[in-house]
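Those letters in the sequence shown? Residues 1 to 226, per UniProt numbering, in order.
One structure is given here, and the rest of the page talks about it.
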Amino acid sequence: MTFPLSPVCWRPCYRIIPSRFPPIDLFERVAAPDDWELLQELEGETSARLREQAGAIHLVRDEDRRYGPGWTPVMAAFCHFSERGSRFTDGTFGAYYCALTEATAIAETRYRAESFMQESNEPPIQLQQRVYLADLQGELFDLRGNPPGAAPLLAPDDWSAGQAFGRKAWESHADGIVYPSVRDPSGECAAVLRPPVLSATWQGRHLGYEWDGERIRHVLELRLVE
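Printed below as a string of structure tokens:
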């Protein structure tokens, strides 16, 4: 199964993650690739802590690693990921999921958060989220426009076909996959598979997803008044 490669340039793209994650700034503090050689030489408690923060850094090729201000949200997506997998990852590697618009990013993350809260039968609570923006430029496998064979990869709740394709794309060192949003009929999303496809991030708004015990009824913007 093959799909066309298309040049994709989104300036910016939007990614929304829980405010508590990632709780690290390791990639902000590493100034250059050579610094990793020094970090690897550290021993004892410090070394263990750094290994935990670095996560699955070994899955990211040396030439693809990025460091400095704004890169932690990018690198964390590739180094800290759920073993449950996602639409295009099988739980053995990471991807940076983002959307062309903030509205689409909200629709996608709202659905996932709502599904999780329903499955775990959580009491009412506000889920705080953080919006990150970054520029995206790369050659991505294009599932837009309903090309032959794309439908199974975009099934609403069956990720098996998408994970198999995503695995092959990752193994071939592809830039990523661009696809129509499954939760926003007019939206577009991307699963970026290599950090160099992105710029360093900058922070956008803080959002509150209001879970009422049954569904996420409202999405609020959170602002500090004073």
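Positions of the beta carbon are idealized from the N, C-alpha and C atoms, including for glycine.
Beta-carbon contacts of residue i that lie in its chain and below 6 Å, excluding the five residues immediately before and after
i      : result
LEU222 : HIS206, GLY208
HIS218 : GLU210
PHE78  : VAL60, GLY94
SER86  : none
ARG183 : ALA107, GLU108, TYR111
PRO196 : ASP64
Contacting residues, own chain, Cβ-Cβ under 7 Å from residue i (five flanking each side not counted)
i      : result
TRP202 : GLY70, LEU133
PRO124 : TRP211, ASP212, GLY213
LEU100 : TRP10, CYS13, GLY187, GLU188
Outcome for residue i when other beta-carbon atoms lying within 10 angstroms are tallied against a minimum of 16
i      : result
GLU45  : The pLDDT assigned to GLU45 is 42, lower than 50, so where the model puts this residue is not dependable; a value taken from the coordinates is nonetheless given after this. So GLU45 ends up on the exposed side.
LEU224 : exposed
GLY166 : buried
ARG84  : exposed
GLY162 : buried
TYR14  : buried
ARG110 : buried
GLU108 : buried
ARG66  : buried
LEU220 : exposed
ALA155 : exposed
SER172 : exposed
Identity of the residues DSSP links to residue i by a beta bridge
i      : result
TRP211 : ILE125, ILE216
ILE16  : VAL131
GLU221 : LEU207
ALA76  : DSSP, once it has assigned bridges, lists no residue as partnering ALA76.
VAL8   : GLY138
Beta-carbon proximity list for residue i, same chain, < 8 Å, skipping 5 on both sides
i    : result
PRO4 : PHE141, ASP142, PRO147
Using a Cβ distance threshold of 8 Å, determine whether the segment 126-137 contacts the segment 1-9, with at least three qualifying pairs required. Yes: at least three Cβ pairs fall under 8 Å.
Enumerate, from N- to C-terminal direction, the unbroken alpha helix (DSSP H) stretches of 4 or more residues contained entirely within the segment 84-155. 102-120
Looking at C-beta atoms only, is the number of pairs between the segment 90-105 and the segment 180-196 that lie closer than 8 Å three or more? yes
At 3 residues or longer, and completely inside the segment 165-202: list those beta strand (DSSP E) runs for me, N to C. For the segment 165-202, the full-length beta strand (DSSP E) segments reaching 3 residues or more read 176-180, 188-192 along the chain.
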